[in-house]
Amino acid sequence: MEKAFDSVSHDAIFQALEKINISPVIKDYLKFTYAHARTFLCFNGSIKSEPVRPTRGVRQGDPMSPLLFLMLFDRVLSSIPDYEGFHIEGKKINHIAFADDLVLMADSMIGLNNIINKILPALIWSGLNISVEKSATFMWMTDGKRKRVIYDSTSRLSIRNRPVNIFKVDDEFKYLGVIFTPRGRIKYNVDLEEKLRTLQKALLRPQQKMFFLVNNLLPLLYHQLSFAKLYAGSLKKLDIKIRRFVRSVLHLPKDVPSSAFHARVSDGGLGIPSLRWMAPLLAVKRGNEKEHRLLNHEGKQLRTTNAVYRMFKRQWQSTCDGSGLKGSDDVPSAHSWVLDGTSLLSGRDYIS
0 MEKAFDSVSH DAIFQALEKI NISPVIKDYL KFTYAHARTF LCFNGSIKSE
50 PVRPTRGVRQ GDPMSPLLFL MLFDRVLSSI PDYEGFHIEG KKINHIAFAD
100 DLVLMADSMI GLNNIINKIL PALIWSGLNI SVEKSATFMW MTDGKRKRVI
150 YDSTSRLSIR NRPVNIFKVD DEFKYLGVIF TPRGRIKYNV DLEEKLRTLQ
200 KALLRPQQKM FFLVNNLLPL LYHQLSFAKL YAGSLKKLDI KIRRFVRSVL
250 HLPKDVPSSA FHARVSDGGL GIPSLRWMAP LLAVKRGNEK EHRLLNHEGK
300 QLRTTNAVYR MFKRQWQSTC DGSGLKGSDD VPSAHSWVLD GTSLLSGRDY
350 IS
């Protein structure tokens, strides 16, 4: 969509409000808020214009704005005919929408054109517009005789007589932070080493580096990893890079067990999430049941974060170095300083 949140029509919002089952008081309040809003132009600290009444766009920073936009966008999406789309696991899918990102799907270019022809009037009514420059299409065709699929790079979609770009079969594009090609998701190339190098060079205390690693750097990777094609070997290599970084920051000997890094702080570990286990868990939570295969450990499935941390706890506290920490979770506050971002210790005190 083209500047979607700035373009929605207030009149369309008012009409959409009448179609939903909410309190009339709330409807009247929202209508009053938008109908009586005024904008003034100020120069050098003084008002230099007559009041201007905005007629488009939702209010920036207002917690109601996303809800109003989605309410209106749902009305637009309802114009897509149910008979278009294609079947996936017994369900007919013709669109995927997240905020103002929209994917339209059909079983033929004719069907896709039909969807466009139906949705355009609804978009005009709402004040929204498709950004043709930022849109693209791709299409696979079945060859029944040879029992194969063929990539069609010739069938072109037009929107308001403007041709839409066609992806080449290996062109990469990003949707909701995940990189795809027309062939599907690509293997996620994690730029972890560069991120770790930047954190290593930062003028921070060891305690601060550990805090940012766990609370900022690693969470940056979770979204794409949970959607990417996952391989146990690749994830283990990422964990090795993380442990190497921590060993360098904390000057740890090479024989410190891996479980010491990944066990919870309350269990006497360093509390660093293991991507080998966290990424498949997140993928399964998002509905990717295929990644259950990566959650097998000694014949059992680790289906929860707690199960993973219990595994690391057993491994760590069964070693010579960790055996003295049994029962440490009875006094979790005794270890909370390990990843505390506020009660800072000197580098020497923290490492020792």
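Position one of the sequence shown corresponds to residue 0 (numbering that gives the first Met the number 0), numbered consecutively onward.
Virtual Cβ for every residue (Gly too), placed ideally from N, Cα, C.
| task | Report back the beta-carbon spacing between residue 4 and residue 56 to the nearest angstrom; my notes put them in contact at under 8 Å. | result | 6 Å
| request: Evaluate residue 206 with the Cβ neighbour count: other Cβ atoms within 10 Å of its Cβ, from every protein chain shown; 16 or more gives buried, anything less gives exposed. | output: buried
| message | Tell me the rounded alpha-carbon separation between residue 333 and residue 180. | response | Using only the alpha carbons, I get a separation of about 49 Å.
| query | If residue 127 and residue 209 are in contact, beta carbons under 8 Å, what's the gap, nearest whole angstrom? | reply | That belief does not hold up - the Cβ atoms of residue 127 and residue 209 are roughly 46 Å apart, past 8 Å.
| query | Should residue 68 be labelled buried (16 or more other beta-carbon atoms within 10 Å of its own) or exposed? | reply | buried
| Is the Cβ-Cβ distance between residue 259 and residue 269 less than 8 Å? | yes
| query | By Cβ distance, which residues of its chain are closer than 8 Å to residue 171, with the 5 residues on each side in sequence left out? | reply | 178, 179, 180, 185
| query | When the Cβ atoms of the region 72 to 89 are set against those of the region 23 to 38, are three or more pairs found closer than 8 Å? | reply | No, the region 72 to 89 does not touch the region 23 to 38.
| task | Can you say whether residue 308 is buried or exposed, counting buried as having 16 or more other CB atoms within 10 angstroms of its CB? | result | Residue 308 should be labelled buried.
| In three-state terms, what does DSSP make of residue 273? | coil
| Going by DSSP, what residues sit across from residue 319 in a beta bridge? | Residue 319 pairs with nothing; no bridge assigned.
| request: Pull up the distance between the alpha-carbon of residue 243 and that of residue 213, whole angstroms please. | output: 15 Å
| field | Cut-off 8 Å between Cβ atoms - residues of its own chain near residue 294, not counting five sequence neighbours on either side | value | Hits under 8 Å: 276, 279, 280, 283, 300, 301, 302.
| query | Roughly how many angstroms separate the alpha carbons of residue 75 and residue 122, rounded to a whole number? | reply | 6 Å
| For residue 175, is the classification buried or exposed, using 16 other Cβ atoms within 10 angstroms of its Cβ as the cut-off for buried? | exposed
| query | Which one of 193, 331, 286 has the shortest CA to CA distance from residue 267? | reply | 331
| Whole-angstrom distance between residue 10 and residue 54, CA atom to CA atom | 8 Å
| If you follow the alpha helix (DSSP H) that residue 230 is part of, which residue opens it and which one closes it? | Here residue 230 belongs to no alpha helix (DSSP H), and DSSP marks it neither H nor E.
| query | Is the region 87 to 101 in contact with the region 40 to 51, if contact means three or more CB pairs nearer than 8 Å? | reply | Because the criterion of three Cβ pairs below 8 Å is not met, the region 87 to 101 and the region 40 to 51 do not touch.
| field | Integer-rounded CB distance, given that residue 108 should sit under 8 Å from residue 138 | value | 6 Å
| said: Whole angstroms are fine: how far does the CA of residue 238 sit from the CA of residue 311? | reply: 14 Å
| field | Close-in-space but distant-in-sequence residues of the same chain around residue 158 (CB under 8 Å, 5 per side omitted) | value | 115, 119, 129, 131, 134
| field | residue 304 versus residue 335: straight-line alpha-carbon distance, rounded | value | 19 Å
| query | Hey, out of 39, 220, 59, 194, whose CA is closest to residue 50's CA? | reply | 39
| query | The alpha helix (DSSP H) spanning residue 9 covers which residue range? | reply | 9 to 17
| query | Hey, out of 124, 256, 77, whose CA is closest to residue 322's CA? | reply | Considering only alpha carbons, the answer is 256.
| message | How far does the beta strand (DSSP E) with residue 102 in it extend, from its first residue to its last? | response | 100 to 103
| task | Please confirm whether residue 71 and residue 154 have their CB atoms less than 8 Å apart. | result | no
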